[in-house]
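Residue numbers (the working numbering): 5 to 649.
For each residue, glycine too, the CB sits at the ideal point set by N, CA and C.
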């Protein structure tokens, strides 16, 4: 079976998760104390007591504040997730996994199996324990493909759990407890959707950790980082579109929207790094391209910064994240101006042959046209190029300084030497370029360079999770085919019927597989006499379980009966009695219940459209069969896929 990481193997990262778990428990305790104190404060009219409680409340609140700050510092420990390579890469922001409490499903599932399915719950202990072991393992996934598969496997298994044990009208009475990834605040819900959503969040978070640890100084590392951040964006986006009303802030639409944008920006930054790695030639056009790529990174980080400073998100996102995103937007703006200056000052003046192509690229390069001579003159006049280059460098230096100023405002970021080094290196590089092209006899006022038009050669993709890549089998397969034996269907207790074969056979028509359906009963025949009805499902023949049996297998068992006859076990679905059963069943299968419809996450439509259809094939195959069912037709009109016995 799948294994999680050993949580006791003390890697840097597991120490982090341990501290996070410890803080989560403390926050939990303080929240309980706060709730108790608030209730007492409201209930008492005694002034003395009120004063004491108010004091205790302020104490608890300041404790909570400190715990949240400690957790924020943990969430900003981006360096733990970075790689150990020598080369300098700007750190990326990874997310910590959501923690959850242990869950004991043994009793509730055993009870439901005996109540709803009429089977002995104790016979399914092995399956229930296997499910609980899988849940336990997915709490500590390893930071690689195997960890992702483990989370996917559990997520897919939840579809079966939902179909088997979560009736639309009744709760299982189990609470799913999860902690907020950023604030550590605990939430719990009875809805399985909360469990699914939290696992999906962790799939996204694990992708961010895998992305952050890649060595981005090499092309394979960069491509893996791009892939990981695109998949993280896809997971958060899928969560935003398919799950609503989550009880915890990290899964609110506003937070998820911010996380999707943050991941897209990190992809765009990797794309820029990829271009710098691939651009071995230092010609004019390549450098213009780099400047535009940098402007594009600045653009997406500005958008993330705006999103992070919105009302619902601002107090919730770690200050170090907001600062880092702001720093990066200023840093990449500076880089765009730096590369524009390098293109103008370090590349040879355009020859007549190169002029048309360079002019075309340059027309679309700036957001507004630079002051001064026409482009053609500019491109062929070294002095004019130097003037504009100098204006770009002046702007670059201003932006470098701004990036360093913002970086200095955040105590957590100040501890991050890598980022400091990158900013300071870029700043010095622009300064030395400026002093190199600055002439003592320059009397002209350095103009204001227009901004660079953002443009990228590789647009980030939001890659939705591909649930079908991890195949799972229904752990509770023995309960029978889901088309019939599910939480939302109800059936009457099993009837055991003894049948003798008459001269015209048993007197019924059968159709379909797993389970085989009695499609018609001949009036006055043996089957009718024995009390079989159309719409009954055959679940056993001579005490051999036939829930999963194919048509031919059941027919074979029936045909091999001798004089003594045969004992058939059948069930009737509630609400499917009578000749119109076919239509009823078809509508029952297509509509689901009102409750399910109202919850976006549960609507089968959205699931079928998504890539997770494979986990639901059981549904779609069966519903097709029931829809073309012909219960109402007299037994003589036997369809092509039924036969008379």
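Exposure label - residue i; buried when at least 16 CB within 10 Å
| i | result |
| --- | --- |
| residue 135 | buried |
| residue 593 | The pLDDT assigned to residue 593 is 37, lower than 50, so where the model puts this residue is not dependable, and the model offers no usable value. |
| residue 142 | buried |
| residue 340 | buried |
| residue 31 | buried |
| residue 270 | buried |
| residue 568 | exposed |
| residue 319 | exposed |
| residue 213 | buried |
| residue 205 | buried |
| residue 211 | buried |
| residue 254 | buried |
| residue 429 | exposed |
Collapsed DSSP secondary structure at residue i in the structure displayed
| i | result |
| --- | --- |
| residue 551 | coil |
| residue 360 | helix |
| residue 320 | coil |
| residue 109 | coil |
| residue 271 | helix |
| residue 45 | helix |
| residue 456 | strand |
| residue 190 | strand |
| residue 180 | strand |
| residue 121 | coil |
| residue 523 | strand |
| residue 561 | helix |
| residue 541 | strand |
| residue 346 | helix |
| residue 24 | helix |
| residue 509 | strand |
Alpha-carbon to alpha-carbon, residue j and residue i
| i | j | result |
| --- | --- | --- |
| residue 596 | residue 195 | Any reading at residue 596 must be qualified, since the residue scores a pLDDT of 35, below 50, and its modelled position is unreliable; no value is offered. |
| residue 308 | residue 453 | 25 Å |
| residue 235 | residue 35 | 34 Å |
| residue 203 | residue 237 | 15 Å |
| residue 495 | residue 156 | 33 Å |
| residue 322 | residue 26 | 19 Å |
| residue 170 | residue 294 | 54 Å |
| residue 242 | residue 265 | 13 Å |
| residue 249 | residue 187 | 18 Å |
| residue 566 | residue 505 | 9 Å |
| residue 423 | residue 473 | 37 Å |
| residue 588 | residue 154 | Caution is warranted here: a pLDDT of 41 is assigned to residue 588, below 50, making its placement in the model unreliable, and the coordinate value is therefore given only provisionally. Their Cα atoms are separated by approximately 39 Å. |
| residue 391 | residue 349 | 9 Å |
| residue 540 | residue 185 | 50 Å |
| residue 286 | residue 344 | 12 Å |
| residue 571 | residue 502 | 4 Å |
Residue i: first and last residue of the uninterrupted alpha helix (DSSP H) it sits in
| i | result |
| --- | --- |
| residue 404 | 386 to 412 |
| residue 103 | That residue, residue 103, is in no alpha helix (DSSP H); it is neither H nor E in DSSP. |
| residue 138 | 129 to 142 |
| residue 215 | 196 to 216 |
| residue 428 | 421 to 441 |
| residue 242 | 223 to 246 |
| residue 308 | 288 to 312 |
| residue 416 | 415 to 418 |
| residue 449 | Segment: none, residue 449 is in no alpha helix (DSSP H) and carries neither H nor E. |
| residue 533 | 530 to 533 |
Residue i and residue j closer than 8 Å at C-beta
| i | j | result |
| --- | --- | --- |
| residue 180 | residue 479 | no |
| residue 490 | residue 168 | yes |
| residue 469 | residue 207 | yes |
| residue 406 | residue 302 | no |
| residue 498 | residue 466 | no |
| residue 114 | residue 159 | no |
| residue 278 | residue 257 | no |
| residue 369 | residue 456 | yes |
| residue 435 | residue 401 | yes |
| residue 24 | residue 137 | no |
| residue 438 | residue 397 | yes |
| residue 304 | residue 311 | no |
| residue 252 | residue 189 | yes |
| residue 182 | residue 191 | yes |
| residue 393 | residue 441 | yes |
| residue 522 | residue 536 | yes |
Endpoints, the beta strand (DSSP E) within which residue i is located
| i | result |
| --- | --- |
| residue 147 | Note, residue 147: premise wrong, no beta strand (DSSP E); not H, not E. |
| residue 513 | 512 to 515 |
| residue 501 | 499 to 503 |
| residue 571 | 570 to 575 |
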